[in-house]
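Participant:
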Amino acid sequence: MSLLIKNGIIIDPCAENRAVKDILVENGKIAGVSEHLTAPEAEVLDATDKLVTPGLVDMHVHLREPGFEAKETVQTGTLAALKGGFTSVACMPNTYPVADNASVIRYILGRAQEAGNAKVYPVGAITKNSEGSELAPMAELKEAGAVAFSDDGKPVNDAAVMRRAMEYAKMLDAVIISHCEESTLAGGVMHEGTISTMLGLKGIPAAAEEVMVARDVILARLTGCRLHIAHVSTAGSVQIIREAKSRGIKVTAETTPHHFTLTHDYVHGYDTATKVNPPLRAPEDVEAILAGLADGTIDVIATDHAPHTEEEKNVEYDLAPFGLVGLETAVGLVWSQLVLPGFLTAEQAVAKLSLNPARILGVPAGSLEVGAPADITIIEPRQEWEVNPESFASKGKNTPFAGRKLTGKPVMTLVNGTRF
Ligand SMILES: [Zn+2]
415 MSLLIKNGII IDPCAENRAV KDILVENGKI AGVSEHLTAP EAEVLDATDK LVTPGLVDMH
475 VHLREPGFEA KETVQTGTLA ALKGGFTSVA CMPNTYPVAD NASVIRYILG RAQEAGNAKV
535 YPVGAITKNS EGSELAPMAE LKEAGAVAFS DDGKPVNDAA VMRRAMEYAK MLDAVIISHC
595 EESTLAGGVM HEGTISTMLG LKGIPAAAEE VMVARDVILA RLTGCRLHIA HVSTAGSVQI
655 IREAKSRGIK VTAETTPHHF TLTHDYVHGY DTATKVNPPL RAPEDVEAIL AGLADGTIDV
715 IATDHAPHTE EEKNVEYDLA PFGLVGLETA VGLVWSQLVL PGFLTAEQAV AKLSLNPARI
775 LGVPAGSLEV GAPADITIIE PRQEWEVNPE SFASKGKNTP FAGRKLTGKP VMTLVNGTRF
């Protein structure tokens with residue numbers, strides 16, 4: 415079985431320049447990348463005027479299985495990933511039971527194998543039941559297939575516990591992904607500012623995130639552990655991370671499409687799809703995130719795909735769970751908000767959506783080199799489309815982008831050479 419992808423615009427963050435080339439896929443691997451390839455036996459796929467990129471990697475999704483199958487399953491979540499252009503996803507451990515033991519990690523990997531969609535890389539819990547007190551058996555989790563450690567959804571409040579987790583992670587050469595939230599400052603439902611006051615909703619100050627980003631950067635310096643800051647949402651966090659990088663601390667960071675697109679203004683109207691943690695912030699925070707993306711302070715764009723059922727979200731703002739679905743709108747938002755306005759080149763955007771997360775997690779993705787697995791995403795950069803949650807493959811329809819017109823759409827994904 416071979417496939418020849420003809421005349422695509424190759425966007426490879428590893429390549430020196432952009433060029434129109436052909437890609438030959440054989441036996442699930444990339445067998446050739448060059449101009450005017452011929453392969454008489456191969457099926458030909460015309461990619462003229464389309465962007466051909468390494469398969470995209472979303473390092474922050476919630477697949478909800480085991481335990482919350484009404485929200486999402488590994489099957490539906492990985493199908494949503496493929497529809498959104500992602501050939502690999504890393505899934506967070508806040509399932510039921512929590513992925514704090516090898517059997518849950520193996521269960522998720524088994525479900526992913528059965529589904530046969532996007533590749534799944536489980537993230538193991540830092541602490542038992544993600545309660546923040548006793549460390550999970552991290553070596554055992556890694557052995558079972560966990561690619562990183564996080565108590566995402568909950569912060570590790572105890573600095574001594576986080577220090578020990580980082581010491582273990584360093585020994586295992588694994589990255590700690592930190593959901594940065596100082597609990598004693600949090601407890602609200604939206605960004606603390608003029609709009610929370612106006613709407614009478616309890617706020618979460620930017621400081622709740624920044625205090626924890628600062629603490630974890632300091633602990634990363636102390637331990638030498640690789641630290642990745644999840645879903646950066648504030649100007650102060652961007653500043654702390656920029657400064658930490660300049661001092662050689664091993665810290666990387668991600669932000670989400672909703673945090674570089676929306677401000678707390680969107681909470682007007684009390685649409686619970688705008689209730690996310692960390693919350694949508696002020697315009698100056700969005701500006702700082704755009705600057706952080708452009709100068710490389712923020713390495714990764716990840717969705718924090720967090721599906722919920724309609725019943726769960728269709729309640730008062732105060733009572734709704736945090737989270738929105740992001741897999742199927744990410745590429746459209748990256749192109750509409752970042753690439754077309756010129757904040758990022760297509761290569762920079764693709765690096766943040768594939769190569770960088772793959773390197774941070776240490777997974778085989780992010781490259782179009784000969785011999786690499788044929789995980790490929792084809793994007794139609796000028797296609798205009800309207801977000802319709804009813805068409806999502808995800809069970810979650812909780813998006814604040816319903817009805818929004820976007821430009822740029824993934825039109826095909828290949829995983830190990832299989833087309834979706
Ligand atoms: Zn989180």
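Under the numbering used here, residues 415 to 834 are what the sequence shown spells out, in order. Every residue, glycine too, gets a C-beta built ideally from N, C-alpha and C. Keep in mind that this is a model prediction, so the values were computed, not measured.
Is the closest heavy atom of ligand 1 to the C-beta of Asp566 under 8 Å?
Facilitator: True, at least one ligand heavy atom lies under 8 Å from that Cβ.
Participant: The beta strand (DSSP E) that contains Ile793, what's its start and end?
Facilitator: Where Ile793 is concerned, the enclosing beta strand (DSSP E) stretches over 790-800.
Participant: What are the uninterrupted segments assigned as beta strand (DSSP E) that are 3 or more residues long and contained completely in the segment 573-649, given in chain order?
Facilitator: If we require 3 residues or more, the beta strand (DSSP E) runs fully inside the segment 573-649 come out as 589-592, 640-643.
Participant: Hey, is Ala622 close to ligand 1, as in C-beta under 8 Å from one of its heavy atoms?
Facilitator: False, no ligand heavy atom lies under 8 Å from that Cβ.
Participant: Going by the C-beta, is Asp718 closer than 8 Å to any heavy atom of ligand 1?
Facilitator: Yes.
Participant: Which partner residues does Phe500 have in the DSSP bridge list?
Facilitator: According to DSSP, which records beta bridges pairwise, Phe500 is partnered with Leu470.
Participant: Do His682 and Pro693 come within 9 Å of each other at the CB atom, strictly closer than that value?
Facilitator: Going by C-beta atoms, Pro693 is not nearer than 9 Å to His682.
Participant: Have a look at Asn515, Gln797, Asp587 and flag the residue whose alpha-carbon is nearest the alpha-carbon of Leu549.
Facilitator: It is Asn515.
Participant: Drop a sphere of 10 angstroms on the beta-carbon of His642, count the other beta-carbons inside from all chains shown, and report buried for 16 or more, exposed for fewer.
Facilitator: Buried.
Participant: According to the Cβ coordinates, are Val748 and Gly810 closer than 9 Å?
Facilitator: The answer is no: Cβ separation not under 9 Å.
Participant: The beta strand (DSSP E) that contains Ile419, what's its start and end?
Facilitator: From DSSP, the beta strand (DSSP E) with Ile419 extends over 416-424.
Participant: Determine the DSSP secondary structure at Ser768, reduced to helix, strand or coil.
Facilitator: Note: Ser768 maps to helix in three-state DSSP.
Participant: In the DSSP assignment, the alpha helix (DSSP H) including Tyr535 goes from what residue to what residue?
Facilitator: That residue, Tyr535, is in no alpha helix (DSSP H); its beta strand (DSSP E) goes 533-536.
Participant: Under 8 Å from any heavy atom of ligand 1, does the C-beta of His645 make it?
Facilitator: Under cutoff, so the answer is yes.
Participant: Tell me which residue opens and which closes the alpha helix (DSSP H) that Glu430 is part of.
Facilitator: It is not in any alpha helix (DSSP H) - Glu430 carries neither H nor E in the DSSP assignment.
Participant: Which same chain residues, not among the five before or five after Asp460, have their C-beta less than 8 Å away from its C-beta?
Facilitator: Within the same chain, Asp460 has close Cβ partners Lys420, Asn421.
Participant: How far does the alpha helix (DSSP H) with Asp699 in it reach, from first residue to last?
Facilitator: Residues 697-709.
Participant: If we define contact as Cβ-Cβ less than 9 Å, is Cys594 a contact residue for chain B?
Facilitator: In the structure shown, chain B cannot be found, because there is only a single protein chain.
Participant: Consult DSSP for Ser448 and reduce its assignment to one of helix, strand or coil.
Facilitator: Three-state DSSP puts Ser448 in a strand.
Participant: Keeping to the same chain, check which residues put their C-beta closer than 6 Å to that of Leu465; ignore five residues upstream and five downstream.
Facilitator: Closer than 6 Å at the Cβ level, and outside the excluded window around Leu465, lie Ile423, Ile425, Ile793, Pro795.
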